[in-house]
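Numbers in my numbering are just positions in the sequence shown, counted from 1, shifted up by 45. C-beta: ideal position from N, C-alpha, C; glycine also.
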Amino acid sequence: MTDPHSGKQTQSRACYERARQVLVGGVNSPVRAFRAVGGDPVFLKSAKGAHVYDVDGNRYIDLVGTWGPAIFGHAHPEVVKAVQDAAERGLSFGACCESEAELAEIITSAIPSIDMIRFVNSGTEATMSAVRLARAATGRSKLIKFEGCYHGHVDSLLVAAGSGASTFGVPDSAGVTPSAAGDTLLVPYNDTRAVQRVMEEHGSDIAAILVEPVAGNMGFVPPADGFLETLRSVCDDSGGLLIFDEVMTGFRVAWGGYQVLADLKPDITCLGKVIGGGMPVAAYGGRRELMEQVSPLGSMYQAGTLSGNPIGMACGIATLKLCQTEGLYEELNNSAAMLTKGFSQAAKEAGLSLTTGFLGGMIGLAFSDKPVFNFVDAQDCDHERFAAFFRAMLKNGIWLPPSGYEAMFISSEHNNAIIEQIIDAAAASFKAITP
Ligand code: KE4
């Protein structure tokens, strides 16, 4: 990438050239490669509050929030201090420590459906373990997931819809075997009738229904009225377990997560992102008699060298303590409402069709003249236009997720002045991408 002003190669480009020699695609997670939006990935050097800074000294207002965890902004002094203090006591014990129970108590007191949890290190581990637990607890093997929902890179969850009427998944990644994918059934998100049809045919074999209660991996897609309630009732009727993947929504859209807002009780909940405050912390949890089937108490095995790591626990505790600040989620909702209203107004003035949505500090934006209801709708959005918008916003100092299939995240640090700056940048960017 060359600097638009000096024409010289940027430091970011040099970092990318170096990284590509030793890291696959120069990245450690595919979305960071900017493949969906074009151009070279920008390398960041630091982050503070609502801003991130690249290696060339450019400052951006951040709408990624490291995919959700930075709910109180980056490098909050109280969080940094908690991590520093913990680090001085040792980076990892591989043994029990008090802070594991302290973080677990905060989480279980916030979410009524969870009596007991197990910490792991990534959302992928959380969903993989939750599915294994559901299969262990029910003695069944089949699983329902929804098209467009992403639950990490678990073999049985990297599946795409099969051809024709078959709802059985087919591998959606090289290396995933047909047998690994073969027990997973795919259903369109928000399609209550399709769920009921699959449950009528396979209900007695279904160990679990796994769902993002608010989908954030096909853009922002809220649940249709009655959709989640139907999942709860068909699980009750069939003896299958309902798993909410709240890795993204947990403590992001509300204290506890979406299930608290909706007054719903899944059997197992997966958490991540905010509960670690940016450190590699995730968890799965549920009612006591279910979780006690996990080793060492029960026969379902799951383990992890760095699970419950003291640095991650300290970061999560400090972050969730901040999340208990009076009015936080109302403030995030108000900021998100102001931002999405500004996006819609600016797009309209530029003659562009835009659909937006938000819940708490989680925001969606898609170039479409209709709301996104499921994965087919998400695919029908104008992703080329999103890519152009991404590049224009980057030039205008706004750091967006590098894919139209992602959600955006704001923090308590995104005050009204910053929201106005984002709206102004969006107005200029919409104009720049309008033919
Ligand atoms: P991780 O294994 O990446 O920690 O979590 C997987 C996961 C599970 N469940 C949900 C609902 C998720 O959104 C994720 C991961 N989210 C993506 C962003 N859409 C992480 C970004 C990335 O893959 O680099």
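Using alpha carbons as the reference points, say which of the options lies closest to residue i.
i	options	result
residue 314	106, 365, 328	328
residue 238	271, 296, 285, 259	271
residue 109	276, 435, 55, 304	435
residue 420	215, 225, 74, 265	265
residue 219	200, 232, 213	200
residue 316	221, 222, 93, 170	170
residue 296	433, 364, 165	364
residue 224	429, 202, 245	202
residue 455	412, 344, 227, 298	298
residue 405	260, 57, 192, 294	294
residue 358	54, 97, 166	166
residue 411	351, 320, 458, 263	263
residue 185	250, 213, 229	250
residue 116	476, 368, 86, 415	368
residue 335	119, 124, 182, 452	182
residue 443	353, 123, 418, 95	95
residue 149	215, 242, 302, 353	353
residue 23	269, 267, 300, 248	Given a span of 46 to 480 for the chain in the structure shown, any question on residue 23 remains unanswerable.
residue 408	323, 144, 382, 91	382
residue 273	361, 190, 168, 221	190
How far does the alpha helix (DSSP H) with residue i in it extend, from its first residue to its last?
i	result
residue 243	237–247
residue 374	373–394
residue 310	Where residue 310 is concerned, there is no enclosing alpha helix (DSSP H), given that its DSSP letter is neither H nor E.
residue 195	Element bounds for residue 195: n/a, residue is neither H nor E.
residue 122	122–133
residue 351	Where residue 351 is concerned, there is no enclosing alpha helix (DSSP H), given that its DSSP letter is neither H nor E.
residue 183	168–183
residue 357	355–368
residue 223	223–226
residue 430	428–440
Less than 8 Å separating the Cβ of residue i from some heavy atom of ligand 1?
i	result
residue 282	no
residue 290	yes
residue 223	no
residue 360	no
residue 75	yes
residue 452	yes
residue 190	no
residue 426	no
residue 61	no
residue 354	no
residue 112	yes
residue 293	yes
residue 172	yes
residue 195	yes
residue 201	no
residue 487	Outside the modelled stretch of the chain, which goes from 46 to 480, sits residue 487, for which no answer is possible.
residue 182	no
Can a CB atom of chain D be found closer than 9 Å to the CB of residue i?
i	result
residue 299	Annotation note: the requested chain D is absent from the structure, which comprises a single protein chain.
I'd like the span of the beta strand (DSSP E) that includes residue i, first residue to last.
i	result
residue 315	313–316
residue 91	89–93
residue 252	251–256
residue 153	Taken as a continuous stretch (DSSP letters only), residue 153 belongs to no beta strand (DSSP E), being part of the alpha helix (DSSP H) at 143–155.
residue 111	Residue 111 -> no beta strand (DSSP E), and no H or E assigned at all.
residue 291	286–291
residue 101	Counting along the chain, residue 101 falls outside any beta strand (DSSP E), and DSSP gives it neither H nor E.
residue 232	229–233
Would you say the beta carbon of residue i comes nearer than 8 Å to a heavy atom of ligand 2?
i	result
residue 253	As presented, the structure is devoid of ligand 2, carrying ligand 1 as its sole ligands.
Are there three or more Cβ pairs, one per stretch, closer than 8 Å when the region 98–108 is compared with the region 432–444? yes
Would you check if there are 3 or more beta carbon pairs closer than 8 Å linking the region 194–203 to the region 169–178? yes
With contact counted as at least three CB pairs below 8 Å, one residue from each stretch, are the region 133–142 and the region 277–296 in contact? Too few Cβ pairs lie closer than 8 Å, so no.
The region 254–261 contacting the region 288–300, beta-carbon criterion three pairs below 8 Å: Segment contact: the region 254–261 against the region 288–300, three or more CB-CB distances shorter than 8 Å; contact assigned.
With contact counted as at least three CB pairs below 8 Å, one residue from each stretch, are the region 366–375 and the region 387–399 in contact? no
Counting beta carbon pairs with one atom in the region 155–170 and one in the region 305–314, are three or more of them shorter than 8 Å? Touching, yes.
Does the contact criterion of 3 or more C-beta pairs under 8 Å hold for the region 136–146 versus the region 459–474? No, because fewer than three Cβ pairs between the region 136–146 and the region 459–474 fall closer than 8 Å, the two stretches do not touch.
Any chance the region 416–433 sits against the region 70–78, with 3 or more Cβ pairs inside 8 Å? no
Three or more C-beta pairs below 8 Å linking the region 378–388 and the region 457–465: yes
With three or more C-beta pairs closer than 8 Å as the rule, is the region 339–348 touching the region 300–309? no
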